[in-house]
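Numbering (the working numbering), first residue to last: 704 to 964.
Listed below in C-alpha coordinates is the structure:
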(Lines of atoms letter the chains of each structure in order from A; the text may use other names.)
(Lines give C-alpha, C1' and ligand atoms only; values in the text may rest on other atoms or scores of the structure.)
Protein backbone atom coordinates (compact mmCIF):
# COMPACT_ATOMS: atom_id res chain seq x y z
CA UNK A 704 0.00 0.00 0.00
CA UNK A 705 1.32 3.44 -0.92
CA UNK A 706 1.71 6.24 1.58
CA UNK A 707 -0.80 8.34 -0.34
CA UNK A 708 -3.52 5.73 0.33
CA UNK A 709 -2.94 6.15 4.06
CA UNK A 710 -3.01 9.94 3.87
CA UNK A 711 -6.19 9.84 1.79
CA UNK A 712 -7.87 7.61 4.39
CA UNK A 713 -7.03 10.09 7.13
CA UNK A 714 -8.28 12.97 5.02
CA UNK A 715 -11.58 11.18 4.39
CA UNK A 716 -12.05 10.98 8.16
CA UNK A 717 -11.06 14.63 8.77
CA UNK A 718 -11.07 16.51 5.44
CA UNK A 719 -8.47 19.26 5.15
CA UNK A 720 -11.10 21.96 4.38
CA UNK A 721 -12.27 21.56 8.00
CA UNK A 722 -9.05 23.17 9.26
CA UNK A 723 -9.03 26.78 10.46
CA UNK A 724 -7.83 29.47 8.04
CA UNK A 725 -4.61 30.06 10.02
CA UNK A 726 -3.63 26.39 10.13
CA UNK A 727 -1.23 24.32 8.01
CA UNK A 728 -2.55 20.77 8.25
CA UNK A 729 -1.85 18.20 5.56
CA UNK A 730 1.31 16.92 3.90
CA UNK A 731 4.38 18.55 5.46
CA UNK A 732 7.40 16.70 4.07
CA UNK A 733 8.13 14.07 1.44
CA UNK A 734 6.69 12.18 -1.50
CA UNK A 735 3.72 9.86 -1.07
CA UNK A 736 4.19 7.42 -3.97
CA UNK A 737 6.42 5.10 -1.94
CA UNK A 738 5.06 1.94 -0.36
CA UNK A 739 4.36 2.51 3.32
CA UNK A 740 6.63 0.51 5.63
CA UNK A 741 4.95 1.66 8.82
CA UNK A 742 3.33 4.70 10.41
CA UNK A 743 4.53 6.41 13.58
CA UNK A 744 1.74 8.38 15.25
CA UNK A 745 2.44 11.34 17.51
CA UNK A 746 1.38 14.74 18.78
CA UNK A 747 4.47 16.77 17.78
CA UNK A 748 7.37 16.15 15.39
CA UNK A 749 10.91 16.57 16.67
CA UNK A 750 14.25 15.05 15.69
CA UNK A 751 13.69 12.47 18.43
CA UNK A 752 10.39 11.47 16.80
CA UNK A 753 12.11 11.12 13.42
CA UNK A 754 14.76 8.96 15.10
CA UNK A 755 12.03 6.77 16.57
CA UNK A 756 10.44 6.39 13.13
CA UNK A 757 13.81 5.29 11.74
CA UNK A 758 14.29 2.80 14.57
CA UNK A 759 10.84 1.32 14.04
CA UNK A 760 11.21 1.12 10.27
CA UNK A 761 8.47 3.67 9.55
CA UNK A 762 8.59 5.90 6.50
CA UNK A 763 5.45 7.81 7.51
CA UNK A 764 4.91 10.06 10.52
CA UNK A 765 1.40 11.29 11.28
CA UNK A 766 1.30 14.12 13.82
CA UNK A 767 -1.43 16.27 15.29
CA UNK A 768 0.53 19.52 15.43
CA UNK A 769 2.04 20.63 12.10
CA UNK A 770 5.81 20.53 11.98
CA UNK A 771 5.84 23.38 9.47
CA UNK A 772 3.51 26.05 10.79
CA UNK A 773 5.18 29.19 9.46
CA UNK A 774 6.95 29.72 6.17
CA UNK A 775 10.46 28.29 5.98
CA UNK A 776 12.69 30.89 4.37
CA UNK A 777 15.74 28.59 4.49
CA UNK A 778 16.85 25.10 5.47
CA UNK A 779 20.07 25.45 7.46
CA UNK A 780 19.30 23.39 10.54
CA UNK A 781 19.20 26.45 12.78
CA UNK A 782 16.14 25.33 14.76
CA UNK A 783 14.34 22.10 15.68
CA UNK A 784 11.82 22.45 12.84
CA UNK A 785 14.50 22.71 10.15
CA UNK A 786 16.51 19.91 11.76
CA UNK A 787 13.50 17.58 11.79
CA UNK A 788 12.64 18.43 8.16
CA UNK A 789 16.19 17.77 7.01
CA UNK A 790 16.45 14.49 8.91
CA UNK A 791 13.10 13.30 7.53
CA UNK A 792 14.10 14.11 3.95
CA UNK A 793 17.50 12.47 4.36
CA UNK A 794 15.82 9.26 5.54
CA UNK A 795 12.95 9.22 3.05
CA UNK A 796 10.28 9.82 5.70
CA UNK A 797 6.96 11.48 4.89
CA UNK A 798 5.37 13.73 7.50
CA UNK A 799 1.65 14.45 7.54
CA UNK A 800 -0.21 16.53 10.11
CA UNK A 801 -3.90 16.44 11.02
CA UNK A 802 -4.48 19.48 13.21
CA UNK A 803 -7.61 21.66 13.42
CA UNK A 804 -9.31 19.52 10.80
CA UNK A 805 -9.02 16.66 13.33
CA UNK A 806 -10.15 19.00 16.12
CA UNK A 807 -13.26 19.94 14.16
CA UNK A 808 -14.19 16.52 12.77
CA UNK A 809 -16.90 14.26 14.12
CA UNK A 810 -15.12 11.51 16.04
CA UNK A 811 -12.02 13.70 16.30
CA UNK A 812 -9.94 15.05 19.17
CA UNK A 813 -12.75 16.33 21.35
CA UNK A 814 -14.82 13.18 20.94
CA UNK A 815 -11.78 11.19 22.06
CA UNK A 816 -11.45 13.41 25.15
CA UNK A 817 -15.12 12.78 25.96
CA UNK A 818 -14.59 9.04 25.50
CA UNK A 819 -11.71 9.06 28.00
CA UNK A 820 -13.98 10.81 30.51
CA UNK A 821 -16.76 8.27 30.04
CA UNK A 822 -19.29 10.81 28.78
CA UNK A 823 -22.48 9.97 26.92
CA UNK A 824 -24.70 11.82 24.44
CA UNK A 825 -21.64 13.61 23.04
CA UNK A 826 -22.32 16.19 20.35
CA UNK A 827 -20.93 19.42 18.91
CA UNK A 828 -21.67 22.53 20.98
CA UNK A 829 -22.51 24.27 17.73
CA UNK A 830 -22.20 23.03 14.19
CA UNK A 831 -21.25 24.36 10.80
CA UNK A 832 -21.12 22.68 7.41
CA UNK A 833 -18.04 22.83 5.18
CA UNK A 834 -18.10 21.12 1.77
CA UNK A 835 -21.16 19.18 2.91
CA UNK A 836 -19.44 17.93 6.08
CA UNK A 837 -20.87 18.79 9.51
CA UNK A 838 -18.20 19.89 11.98
CA UNK A 839 -17.64 21.95 15.10
CA UNK A 840 -14.92 23.35 17.36
CA UNK A 841 -16.00 21.91 20.72
CA UNK A 842 -18.24 19.18 22.08
CA UNK A 843 -20.47 18.64 25.07
CA UNK A 844 -21.50 15.43 26.80
CA UNK A 845 -22.97 14.10 30.02
CA UNK A 846 -22.09 11.75 32.84
CA UNK A 847 -24.62 9.00 33.44
CA UNK A 848 -24.83 10.21 37.04
CA UNK A 849 -23.82 13.67 38.35
CA UNK A 850 -20.57 13.81 40.29
CA UNK A 851 -19.13 16.24 42.83
CA UNK A 852 -16.54 18.78 41.69
CA UNK A 853 -13.71 17.21 43.69
CA UNK A 854 -14.51 13.79 42.19
CA UNK A 855 -14.51 15.42 38.75
CA UNK A 856 -10.96 16.67 39.35
CA UNK A 857 -9.85 13.22 40.52
CA UNK A 858 -11.40 11.64 37.42
CA UNK A 859 -9.45 14.03 35.16
CA UNK A 860 -6.16 13.31 36.93
CA UNK A 861 -6.64 9.58 36.42
CA UNK A 862 -8.05 9.67 32.87
CA UNK A 863 -5.34 11.99 31.52
CA UNK A 864 -2.45 10.97 33.80
CA UNK A 865 -1.88 14.55 34.94
CA UNK A 866 0.06 15.66 37.99
CA UNK A 867 -2.33 18.53 38.68
CA UNK A 868 -5.43 20.25 37.35
CA UNK A 869 -5.77 24.03 37.19
CA UNK A 870 -9.26 24.97 38.30
CA UNK A 871 -11.32 27.85 39.55
CA UNK A 872 -13.32 27.67 42.79
CA UNK A 873 -14.83 24.20 43.12
CA UNK A 874 -18.46 24.12 42.09
CA UNK A 875 -20.91 23.63 44.95
CA UNK A 876 -23.38 21.76 42.79
CA UNK A 877 -23.09 18.38 41.02
CA UNK A 878 -21.48 18.21 37.60
CA UNK A 879 -23.54 16.47 34.94
CA UNK A 880 -22.90 18.25 31.64
CA UNK A 881 -19.30 18.85 30.50
CA UNK A 882 -18.12 20.95 27.55
CA UNK A 883 -14.61 20.50 26.23
CA UNK A 884 -12.08 21.64 23.67
CA UNK A 885 -8.59 20.17 23.47
CA UNK A 886 -5.53 22.39 23.27
CA UNK A 887 -6.15 26.14 23.55
CA UNK A 888 -9.92 26.12 23.87
CA UNK A 889 -10.73 29.10 26.09
CA UNK A 890 -12.41 30.87 23.16
CA UNK A 891 -15.33 28.48 23.72
CA UNK A 892 -15.86 29.23 27.42
CA UNK A 893 -18.79 31.61 26.85
CA UNK A 894 -20.38 29.14 24.47
CA UNK A 895 -20.02 26.40 27.09
CA UNK A 896 -21.85 28.56 29.63
CA UNK A 897 -24.61 29.34 27.12
CA UNK A 898 -24.96 25.62 26.40
CA UNK A 899 -25.70 24.98 30.07
CA UNK A 900 -22.50 23.09 30.83
CA UNK A 901 -21.62 22.55 34.48
CA UNK A 902 -17.92 22.23 33.65
CA UNK A 903 -15.52 23.22 30.89
CA UNK A 904 -12.36 21.24 30.16
CA UNK A 905 -9.49 22.47 28.00
CA UNK A 906 -5.73 22.35 27.68
CA UNK A 907 -4.72 25.91 28.49
CA UNK A 908 -6.22 29.27 29.46
CA UNK A 909 -5.00 32.75 30.34
CA UNK A 910 -5.06 34.01 33.91
CA UNK A 911 -7.71 36.70 33.45
CA UNK A 912 -10.11 34.32 31.74
CA UNK A 913 -10.79 32.64 35.09
CA UNK A 914 -12.26 35.76 36.70
CA UNK A 915 -16.01 36.10 37.23
CA UNK A 916 -16.78 32.42 36.69
CA UNK A 917 -17.04 31.36 40.35
CA UNK A 918 -20.03 29.03 40.82
CA UNK A 919 -21.07 29.69 37.21
CA UNK A 920 -19.08 26.89 35.64
CA UNK A 921 -16.28 24.59 36.80
CA UNK A 922 -13.17 25.37 34.78
CA UNK A 923 -10.59 22.58 34.52
CA UNK A 924 -7.31 23.00 32.63
CA UNK A 925 -5.11 19.93 32.26
CA UNK A 926 -2.31 21.04 29.90
CA UNK A 927 -2.16 21.34 26.12
CA UNK A 928 -0.20 18.15 25.54
CA UNK A 929 -2.21 16.20 28.09
CA UNK A 930 -5.55 17.16 26.58
CA UNK A 931 -4.56 15.98 23.10
CA UNK A 932 -2.28 13.06 23.97
CA UNK A 933 -4.79 10.42 22.84
CA UNK A 934 -5.16 11.83 19.31
CA UNK A 935 -2.74 9.17 18.09
CA UNK A 936 -5.36 6.55 18.97
CA UNK A 937 -7.68 8.14 16.42
CA UNK A 938 -4.97 7.96 13.74
CA UNK A 939 -4.33 4.32 14.61
CA UNK A 940 -8.00 3.34 14.47
CA UNK A 941 -8.54 5.03 11.10
CA UNK A 942 -5.45 3.48 9.53
CA UNK A 943 -6.12 0.00 10.91
CA UNK A 944 -9.71 0.14 9.70
CA UNK A 945 -9.11 1.68 6.27
CA UNK A 946 -5.60 0.46 5.47
CA UNK A 947 -5.42 -3.05 6.79
CA UNK A 948 -1.93 -4.46 7.05
CA UNK A 949 -0.20 -1.14 7.62
CA UNK A 950 1.87 -1.32 10.79
CA UNK A 951 1.04 1.48 13.24
CA UNK A 952 3.08 2.57 16.24
CA UNK A 953 2.02 5.15 18.80
CA UNK A 954 5.16 7.13 19.59
CA UNK A 955 6.93 6.33 22.84
CA UNK A 956 8.82 9.63 22.76
CA UNK A 957 7.20 12.27 24.97
CA UNK A 958 7.39 15.62 23.20
CA UNK A 959 5.76 17.71 25.95
CA UNK A 960 8.19 20.62 26.55
CA UNK A 961 6.53 21.57 29.85
CA UNK A 962 7.79 19.97 33.06
CA UNK A 963 5.98 19.84 36.39
CA UNK A 964 8.03 19.87 39.60
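Even glycine gets a Cβ: it sits at the ideal position worked out from N, Cα and C.
Rounded straight-line distance, which links the Cα of residue j to that of residue i
i	j	result
residue 827	residue 948	33 Å
residue 811	residue 770	20 Å
residue 938	residue 921	31 Å
residue 710	residue 869	36 Å
residue 955	residue 755	8 Å
residue 884	residue 840	7 Å
residue 786	residue 779	8 Å
residue 934	residue 707	20 Å
residue 765	residue 835	25 Å
residue 718	residue 748	21 Å
residue 752	residue 805	20 Å
The alpha helix (DSSP H) enclosing residue i, as first and last residue numbers
i	result
residue 937	934 to 945
residue 819	812 to 820
residue 752	750 to 758
residue 805	803 to 807
residue 859	852 to 862
residue 712	706 to 716
Bounding residues of the beta strand (DSSP E) (the contiguous stretch that carries residue i)
i	result
residue 923	921 to 924
residue 772	Careful: residue 772 lies outside any beta strand (DSSP E) and carries neither H nor E.
residue 831	831 to 833
residue 793	That residue, residue 793, is in no beta strand (DSSP E); its alpha helix (DSSP H) goes 783 to 793.
residue 799	797 to 800
residue 766	763 to 766
residue 825	823 to 827
residue 742	742 to 745
residue 957	Per DSSP, residue 957 belongs to no beta strand (DSSP E) and is neither H nor E.
residue 836	836 to 838
residue 732	729 to 732
Whole-number beta carbon distance between residue j and residue i, since they are thought to touch under 8 Å
i	j	result
residue 790	residue 750	6 Å
residue 763	residue 931	So it is not a contact: roughly 20 Å between Cβ atoms.
residue 838	residue 807	4 Å
residue 802	residue 722	6 Å
residue 916	residue 871	5 Å
residue 713	residue 941	6 Å
Per the contact definition of three or more C-beta pairs closer than 8 Å, is the region 736 to 753 in contact with the region 935 to 955?
Cβ pair count under 8 Å is three or more, so yes.
Jot down the residue ranges of each uninterrupted alpha helix (DSSP H) in the region 864 to 927, minimum 4 residues, whole runs only, in chain order.
As far as the region 864 to 927 is concerned, its whole alpha helix (DSSP H) runs of at least 4 residues are 892 to 897.
Between the region 900 to 911 and the region 720 to 739, are three or more C-beta pairs nearer than 8 Å?
The region 900 to 911, when compared against the region 720 to 739, does not touch it at the 8 Å Cβ threshold.
Under 8 Å: do the region 886 to 894 and the region 904 to 918 share three or more Cβ pairs, one atom per stretch?
Yes: the two stretches touch, three or more of their Cβ pairs being nearer than 8 Å.
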